[in-house]
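**Q**
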Amino acid sequence: MLIRAVGLGGVSVNALLQIDEVSHDFGGPALFHNFSMTLPMGGQCLLVGPSGSGKSTLINLICGFLKPRSGEIRIAGEAISQGAEAARDAVRKRHVAVVFQSLRLVSALSVAGNLQLAARLAGRAASQTDIALLLDELGIGEKANARPHQLSQGQAQRAAVARALIARPSLLIADEPTSALDDANAARVADMLLRLASDHGTGLLVATHDVRLRPFFDKAIALEGVPA
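All the letters of the sequence shown, read from the start, carry residue numbers 1 to 228 under the UniProt record's numbering.
1. Taking Cβ to Cβ, would you say LEU61 is nearer than 8 Å to VAL22?
2. Assuming the contact rule is C-beta atoms closer than 8 Å, ILE221 and CYS63 should be a hit. Round their C-beta distance to whole Å, please.
3. If you count every other CB in all the chains shown that lies within 10 Å of the CB of GLN153, and 16 or more means buried, which is it?
4. Can you round the beta-carbon distance between ALA162 and LEU121 to whole angstroms, since I take them to be within the 8 Å contact cut?
5. Would you decide whether THR178 is buried or exposed? Buried here means 16 or more other CB atoms lie within 10 Å of its CB.
6. With a Cβ-Cβ cutoff of 8 Å, do ASP20 and GLY71 count as a contact?
7. Does DSSP put ARG147 in a helix, a strand or coil?
8. Within 8 Å, do at least three Cβ pairs link the region 156-175 to the region 196-210?
9. Can you check which of these residues, GLY83, GLY123 and ALA84, is closest to LYS93 by C-alpha distance?
10. Could you give the distance in angstroms between the alpha-carbon of GLY139 and the alpha-carbon of GLY28?
11. Could you spell out the range, first to last residue, of the alpha helix (DSSP H) harbouring ILE59?
12. Mapping DSSP to helix, strand and coil, what is ASN14?
13. Rounded to a whole number of angstroms, what is the C-alpha to C-alpha distance between LEU213 and GLY54?
14. Hey, out of PHE216, PRO215, ASP218 and HIS209, whose CA is closest to GLY52's CA?
15. So ALA97 packs on ALA167, CB below 8 Å; how close in whole Å?
16. Since I believe VAL111 is in contact with ALA146 (beta carbons under 8 Å), could you give me their beta-carbon distance rounded to a whole number of angstroms?
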């Protein structure tokens with residue numbers, strides 16, 4: 001399958017995320033072929049496509065979990081597409097935070113403990129005051145000492161967003177943040193992510209099959225499988 005991208009492209013000297021002619025496959029037909037896109041510093045973009053369209057693969061390439069067969073990916077000017085795994089991990093820790101669909105909160109830690117761990121793993125300093133202010137901003141300040149199993153789904157999602165932001169990433173990636181939500185709650189989550197990214201000066205890339213989110217974003221990339 002080949003992927004057709006619609007919405008962004010070109011080269012920018014002030015790019016937060018620069019993908020240049022990336023091709024990738026898993027031993028069969030090419031999933032991506034000469035794929036390019038650019039996201040400026042502080043930019044916000046929707047990556048939309050059905051299951052199997054390559055969203056997860058593209059996220060893994062951007063995060064350096066996978067290396068493309070060819071082409072280059074840079075985040076804040078640093079290459080993350082090549083080199084040893086440790087070097088790619090270091091670039092990701094400096095610049096990228098991901099809110100996974102499964103949230104992945106550490107069950108043995110409190111909400112505040114999850115944020116402390118995330119900051120430490122990213123090599124960032126985060127005081128108790130920093131954590132308290134961020135949790136208050138997300139409306140879950142009273143849940144700082146709660147464990148993940150004591151949270152509602154909405155509270156857990158906000159805790160996961162806080163955990164991502166505490167590391168002060170250059171790029172925040174949200175994977176399917178609205179997949180199980182009704183229209184009203186999907187709109188609230190979209191508004192929250194856009195507002196927080198803007199307030200924190202963080203670029204935002206939302207990967208989803210949820211076409212309801214398209215009106216919230218000025219820029220979008222549509223991933224569509226087409227015959228190779």
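The beta-carbon is built from N, C-alpha and C at its ideal position, and this holds for glycine as well.
Being a predicted model, the structure only gives us computed values, none of them experimental.
**A** Let me spell this out:
1. In the sequence shown, the residue the question calls residue 61 occupies position 61. In the sequence shown, the residue the question calls residue 22 occupies position 22. Yes, the pair counts as a contact, with Cβ atoms nearer than the cut-off.
2. For this step, residue 221 is matched to residue 221 along the sequence shown. For this step, residue 63 is matched to residue 63 along the sequence shown. For a cut-off of 8 Å, the C-beta gap from ILE221 to CYS63 is around 17 Å, too long to register as a contact.
3. Residue 153 sits at position 153 when you count from the first residue of the sequence shown. It counts as exposed.
4. Here residue 162 refers to the residue found at position 162 of the sequence shown. Here residue 121 refers to the residue found at position 121 of the sequence shown. Not really, about 15 Å apart at Cβ, beyond 8 Å.
5. Locating residue 178 in the sequence shown gives position 178, where the first residue counts as 1. Its Cβ being crowded by 16 or more others within 10 Å, THR178 is buried.
6. Translated into the one-based positions of the sequence shown, residue 20 becomes position 20. Translated into the one-based positions of the sequence shown, residue 71 becomes position 71. Yes, the Cβ-Cβ distance between ASP20 and GLY71 is below 8 Å.
7. Working through the sequence shown from its first residue, we reach residue 147 at position 147. Three-state DSSP puts ARG147 in coil, outside helix and strand.
8. yes
9. The sequence position of residue 93 within the sequence shown is 93, counting from 1. Of the candidates GLY83, GLY123 and ALA84, GLY123 places its Cα closest to the Cα of LYS93.
10. Residue mapping note: residue 139 aligns to position 139 of the sequence shown, counting from 1. Residue mapping note: residue 28 aligns to position 28 of the sequence shown, counting from 1. Rounded to the nearest angstrom, the two C-alpha atoms are 47 Å apart.
11. Position 59 of the sequence shown, counted from the start, is the residue given in the question as residue 59. Counting along the chain, the alpha helix (DSSP H) containing ILE59 begins and ends at 55-62.
12. Position 14 of the sequence shown, counted from the start, is the residue given in the question as residue 14. ASN14 falls in the coil class under three-state DSSP.
13. One-based indexing of the sequence shown puts residue 213 at position 213. One-based indexing of the sequence shown puts residue 54 at position 54. Cα to Cα, the separation comes out at about 18 Å.
14. Stepping through the sequence shown from its first residue, residue 52 is reached at position 52. Of the listed residues, the one whose Cα sits closest to GLY52 is HIS209.
15. One-based indexing of the sequence shown puts residue 97 at position 97. One-based indexing of the sequence shown puts residue 167 at position 167. With 8 Å as the limit, ALA97 and ALA167 qualify as a contact, their Cβ atoms being about 5 Å apart.
16. For the purposes of this step, residue 146 is taken as residue 146 along the sequence shown, with counting starting at 1. For the purposes of this step, residue 111 is taken as residue 111 along the sequence shown, with counting starting at 1. Confirmed, Cβ separation roughly 6 Å.
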